[in-house]
Structure formats: C-alpha cells, structure tokens
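Take a look at the structure set out below.
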Amino acid sequence: MQFPQGFLWGTATASFQIEGYTQADGRGESIWDRYCATPGKIVNGDTGDPACESYVRYPEDIALMQELGLNAYRFSLAWPRIIPDGDGAINPRGLDYYSRLVDALLEAGIRPFATLYHWDLPQALMDRGGWGNRATIDAFARYAEAAVSHLGDRVKDWMTFNEPWCVSFIGHYIGRHAPGLQDHRLAIQVSHNLHVAHGRGMQIIRQCSPGGRGGIVLNMEASYPMMDTEADHRAAELNHQQFNRWFLDPVVGRGYPPAAWESYQGELPDVEPGDMELIDQGLDFLGLNYYSRKVLHDPSGGEGPILHRRDENNVTVRDWEIYPQGMYDLLAWLHRDYPEIPEIYITENGMARDDVVGADGQVHDPERIEFLKQHFAAAHAAIQDGVPVRGYFVWSLMDNFEWAFGTSSRFGVTYTDFETQQRIVKDSGRWYAQVARANAIPD
Ligand code: FCB
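For what it's worth, numbering that gives the first Met the number 0 labels the leading residue of the sequence shown as 0, then goes sequentially.
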C-alpha cells in the first residue's frame, strides 16, 4: 500500500505534555499547573514536571525523529511561556525556545506544524473567567500575533486550536480537564468563544506568516446507531452534530447544526453581531484527530436516556474501542459533504498500552503495530477514494504526561523512562520507521 508522493509522516505532541521545566525562563502558571496541584485530580499526583523534559532535550527528540525517518512534526506552543500572565509583557525567552526548536527541526529536514492552543491557558486569564470571558479572545489574538510574527517566516503550517470539544466540554462540563468546572451552559458558551478566537487566529496566521496556512484540529467521533430504528438513527445524528459538526460547521461558514442547536435550548450561547462572519474564515486544511467511535442507542423511542455502547472485547487500556473503519467513514463524509476543505491531515491517532521494558531491554508492543497498520490502511483507502489526506501524525512521539492519567497512560512509539528520561524506541517505532521510509505499509 503505497502512499502518494510527498505524503507527510510525523508524530504529534503538546507543550504541557512533554516540555517539563514549568518554572524555567519566566514561564507563567497555566491552568494545567493549577489543576495538577489540586489533590486527587491526576493519577498518582503526577504533574507537568518533569514530563519528558523536552524543554532541554529537544535536540535528542529531533534526533529520534530522524532515526524514525519522519519528515514532519506537530507540536504546540505554550502561551504561558510567551505571555506569562496571558495578556501582559511578551517574554522573549519563551519565543526563543520555540525559535531554536523550529530551526533545529528545519535543519533536520522536518516540517514543523505548530498548534497555538493545546490547552495550557495562562492561569492569570482563568482568574478573570478564562474562556468564558470574551476578553480572553482578545488576549489570544495578541498572543497569536506575537507567536506567528516571530516564527511565521519559518513555520508555514499553523493550527489555531486542538480539540475545542475537549476544551469546552471536558474542561467546563465533565470537569476531568483543567479548569475542572461542571457547568453545561458555560461549556457551550466556551465553545462559541473558542470559535471566535479561532477566526481571529486564522486572520492573524494569514497576515503574519507569509505564505502560511491555517487550520483547526478537531477530534471527531464516528457515530453509529446501535439498532436500525428511527430513535437510534436520531441519537447517532444528534451525537454527530453535537460532537463533530458543532465544531466544524461554523468555521466553514455553515453556522451551528440545527439538531444540536435545538438540543441546547435554554443554554444557547450569547452570539454577538458579526461573530458568525468572523468565525467563518475558511480552512486551508483540517486536522482530524481520530481515536474511536460511538454507537448510540435510545431505548425509549425518543424520550429516555441515550446509551453509548461499544464492543467491550476490542478496546485499548483506556477503554476506547478500536475501530479503524470509523476513520475511513469520517474521511469519506468530510470529502463528500465539505468540498470546501482543500486538505486533511490526520493530526493525531494512536493507542494507549501498558508498555513495559522487557528483560531484553526492548518494548514489544505488537498490538500497537496492528492498531497503526489498520488505521494507516483506512487512511490509504480514503486516499484511493479521492480524499485529500496529505499527512499522518501518530500520537505520540514518546510516552508523556497524559492529562488526568498522568504518566500512567503510555501512547508513545518511544518508551519514556520518567526516572532517567531515557527514551527507548518501541517495536512500533521501528515498524513506523519502515512505513515512513518506504512511504508505504509493509505487507
Ligand atoms: C487527545 C489530545 C492529546 C492526547 C491524546 C491521547 O485528545 O489532543 O493531547 O492526550 O488525546
């Protein structure tokens, strides 16, 4: 299975998950530092320190990418390194770090894809209401301008937000991510405010990075009815609208999807005049993060609770069902229904596993190889069917700080020993190197 010429093979990471050194060089506090410091929030009380110490070990990490034969890297910038208190003075040492990282990547022949916001909001802005406060949109625009004008001569591929569904709903309703709030109406308002901030970000990317391209990264969940009943079809469609289309439709000028909008009656977001136009900047590309699917069942024929069912025998240690067909189905849907999206990247895909270093000093993770192989094949099939998928970023380069799961949830194609910071390429990493080098899935 050969991929098109010029296809990008990379890995993805995020600042808070890998950098460590949370006190270094004037970095400000982020909502994730605060959340981690709250007892009981993170498995084993882990924090963003040391994570993978990539703040100082990035040359090693880039050497690792070269060893794996990768030609692209998706990472994120930490807003609190660049503007420590969110909207005050710009910290040149924060910008310098990313400048050195970008230069080293380019030197190594690795194309940088930078995400502006992968969840580490400056705590000072949270103290003033965070994403629920529209002033944060202005602060984001200022931060984006500082970052993109400093790096945009070298970084040409920019993403505004990573997974706004998670930011809104896990952070402000489910409460399992920073800032840990549980307010459904607020979560919906936050989602709208993030959309507006995305629109501002797109304008800034296009203004401040000559020849630069902008996009957004959405986590999408393929949604299926459990039974072939009208109620189950409706339940699947509602999940699809709330989870997928709520975040995609506005950014391509289609407004909020009707069934989702209707379902939020009584909690609808405040939309100011001009917001929908500002949100609609079009996309130069869409980043799709794909991990799993959801199967929906509404037992009451429309009135009762909606159940989420999955194949319990085919899940990862995180309990996410392994379902590569869902990636194909989402790609085919995007291609069919959204011809205005010119390019798609798989910006994250991967699996957690309880990896251990064996007696031979190696990490044998055959399930991850199988997982990646099946998902690469799904992307390949979509490409064969004309979907413009241009690259694939495996989550993740190495085991890192996996949010509420701390370092207990290992997603890397490289193993991280968090005591010594030694990195050990897993079997899946070696297999991935063959894929990247051949630009094909080996038989
Ligand atoms: C995604 C996040 C990423 C990582 C993976 C496992 O939701 O974007 O940071 O935690 O899940």
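All residues carry an ideal CB built from backbone N, CA and C; glycine is no exception.
Reference residue i, options the options, closest by Cα
i    : options                   : result
Y223 : P38, H307, E339 and G179  : H307
G273 : P3, G254 and D336         : G254
F370 : I382, W394 and V386       : W394
L267 : T10, R184 and I203        : R184
G281 : R205, Q181, E229 and D318 : R205
Y20  : A50, L63, G44 and M226    : A50
L329 : E276, V386 and D359       : V386
G444 : L237, D283, Q16 and D318  : As shown, the chain starts at 0 and ends at 442. That puts residue 444 outside it, with no answer to give.
Y431 : Q373, I368 and Q240       : I368
M158 : G131, A113, V251 and A88  : A113
D119 : H374, W402 and T419       : W402
V250 : I305, L193 and L396       : L193
G325 : E236, M219 and D279       : M219
G360 : D426, S208 and A196       : D426
L67  : G428, D442 and I203       : G428
D48  : G129, R73 and Q22         : Q22
Y289 : N348, F242 and D310       : N348
D398 : P3, F242 and A13          : A13
Q4   : I215, V388, D442 and G170 : V388
Q264 : Q241, E271 and G286       : Q241
L63  : A107, D310 and Y34        : A107
A331 : E339, G390 and D384       : D384
G131 : S299, G9, D152 and S167   : S167
G9   : N312, E229, A146 and Q65  : Q65
A146 : H171, D310, K155 and L94  : L94
E229 : S299, L287, E271 and I203 : S299
Rounded Cβ spacing between residue i and residue j (contact assumed at less than 8 angstroms)
i    : j    : result
L150 : T135 : Not a contact, Cβ separation roughly 22 angstroms.
N70  : I109 : 6 angstroms
T419 : A11  : Not quite, the Cβ-Cβ distance comes to about 24 angstroms (not below 8 angstroms), so this is no contact.
M0   : I321 : 19 angstroms between Cβ atoms; not a contact.
G27  : P111 : Not really, about 24 angstroms apart at Cβ, beyond 8 angstroms.
S208 : L237 : That pair is no contact at about 38 angstroms.
D269 : Q181 : At roughly 20 angstroms, the Cβ-Cβ gap does not stay under 8 angstroms, so D269 and Q181 are not in contact.
F392 : V434 : So it is not a contact: roughly 13 angstroms between Cβ atoms.
G129 : P178 : 6 angstroms
L285 : I215 : 7 angstroms
H117 : S148 : Not really, about 20 angstroms apart at Cβ, beyond 8 angstroms.
Q373 : P341 : The Cβ separation is near 27 angstroms, so there is no contact.
F400 : D32  : In fact, because the Cβ distance is near 11 angstroms, the residues do not count as touching under 8 angstroms.
G303 : Y344 : Actually they do not touch by this definition, with Cβ atoms about 39 angstroms apart.
L105 : R153 : 6 angstroms
Chain-order list of residues whose beta-carbon lies under 7 angstroms from that of residue i (same chain, five-residue window excluded)
i    : result
A103 : Y57, P58 and I61
L247 : L217
H239 : S222
I278 : H194, V195, H197, G198, P249 and V250
N438 : Q1, F2 and F6
A469 : With the chain covering only 0 through 442, there is no way to say anything about residue 469.
H334 : G385 and V386
I17  : A50, C51, S53 and N399
Proximal residues to residue i (C-beta, below 6 angstroms), its chain only, five neighbours per side dropped
i    : result
F404 : V42
T315 : M350 and A351
Y337 : none
Y327 : A377, A380 and A381
A234 : L295, D297 and I305
M201 : G213 and Q280
I169 : R175 and H176
P24  : Sequence inspection shows Asp at residue 24; the Pro mentioned does not correspond to that position. Result list for D24: R92, in chain order.
G252 : D279
Cβ-based neighbour list, residue i, same chain, cut-off 8 angstroms, excluding 5 preceding and 5 following
i    : result
D231 : P224, M225, L295, H296 and D297
W245 : W164, S190, Y255, P256 and A259
V356 : V362, Y414, D416 and I423
A88  : I82
N243 : L217, M219, E220, S222 and L329
R436 : G68
At least 3 beta-carbon pairs within less than 8 angstroms: the region 407–425 vs the region 343–361: By the Cβ test, the region 407–425 is in contact with the region 343–361, since at least three Cβ pairs between them sit closer than 8 angstroms.
Stretch pair the region 53–60 + the region 32–42: three plus CB contacts closer than 8 angstroms: no
Three or more C-beta pairs below 8 angstroms linking the region 97–113 and the region 126–144: Because the criterion of three Cβ pairs below 8 angstroms is not met, the region 97–113 and the region 126–144 do not touch.
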